[in-house]
Amino acid sequence: MNHFRDSDGYYRFEDFTGPSCVEDLVVLSDSTDDTLDTSDDSSAESDDENSEEDELFSFKVVLKASHVEKKSRGVYIAKNLWSIYKHWGKRTSITLSFGAEQWTVEALRNNRVCRFGIGWDDFIEDNNLSADDVLYFEYVGHYGFHVKIDG
1 MNHFRDSDGY YRFEDFTGPS CVEDLVVLSD STDDTLDTSD DSSAESDDEN SEEDELFSFK
61 VVLKASHVEK KSRGVYIAKN LWSIYKHWGK RTSITLSFGA EQWTVEALRN NRVCRFGIGW
121 DDFIEDNNLS ADDVLYFEYV GHYGFHVKID G
């Protein structure tokens, strides 16, 4: 039986026979199987997808002199996070957390490029960062990144 789901549950196409319903009906399907699979096998697939998703929302930076010099230009946020920062304004306050400390840093977005701006120098100075230090950024939502530092 053909079926689809809306916010109230599952319905059959036959339940909607009026002409206005047919004109507005859009059907999206991810399989050709008409049965609903309710097995728990999807949780294993979900775990694999989550690990890939975690990688998509994290990035690594090896600091260069230009990242840590006075009046530095900041670090560019990896392009694999475009799906997140494309919704930010041209200037968005974000939080970098390392250990128990947090820093407010302005993210500067210009088209498809985004970098850390005002506040980045404080983060660099407070953590005694220098060229060749390695930083791992993990986006944790709500405009925040957890940072791990290897130096």
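Residue numbers for the sequence shown follow full-length UniProt numbering, so the first one is 1 and each next one is one higher.
Glycine included, every Cβ here is placed at the ideal spot set by N, Cα and C.
Note that this is a predicted model, so its numbers are computed, not measured.
Check, Outcome
"Of all the alpha helix (DSSP H) runs that stay within the bounds of the UniProt domain \"TF-B3\" (101 to 151), which reach a length of 4 or more residues?", "120 to 126"
"Take Asp150 and list the residues in its own chain whose beta-carbon comes closer than 6 angstroms to its own, dropping the five residues that flank it on each side.", "Val134"
"What does the Cβ neighbour count give for Arg109, buried or exposed, with the cut at 16 atoms within 10 Å?", "buried"
"Any idea what DSSP makes of Leu81, helix, strand or coil?", "helix"
"Looking only at its chain, what residues have a beta carbon closer than 6 angstroms to the beta carbon of Tyr76, apart from the 5 residues adjacent to it on each side?", "Arg115"
"Out of Lys79, Ser83 and Ala65, which one is the CA nearest neighbour of Gly141?", "Ser83"
"Under 6 angstroms Cβ to Cβ from Ile118, same chain only, skipping five residues before and after it: list those, please.", "Glu106"
"For Val62, does the three-state DSSP call read helix, strand or coil?", "strand"
"What does Arg73 pair with, by DSSP beta-bridge criteria?", "Paired residue(s): none; Arg73 is not in a bridge."
"Suppose the cutoff is 7 angstroms on Cβ atoms and the five residues either side in sequence are ignored; what does the same chain contact list for Arg91 look like?", "Glu106 and Leu108"
"So Leu81 and Tyr139 are supposed to be a Cβ contact under 8 angstroms. How far apart are they, rounded?", "6 angstroms"
"Among all the DSSP beta bridges, which residues are the ones paired with Phe98?", "Glu101"
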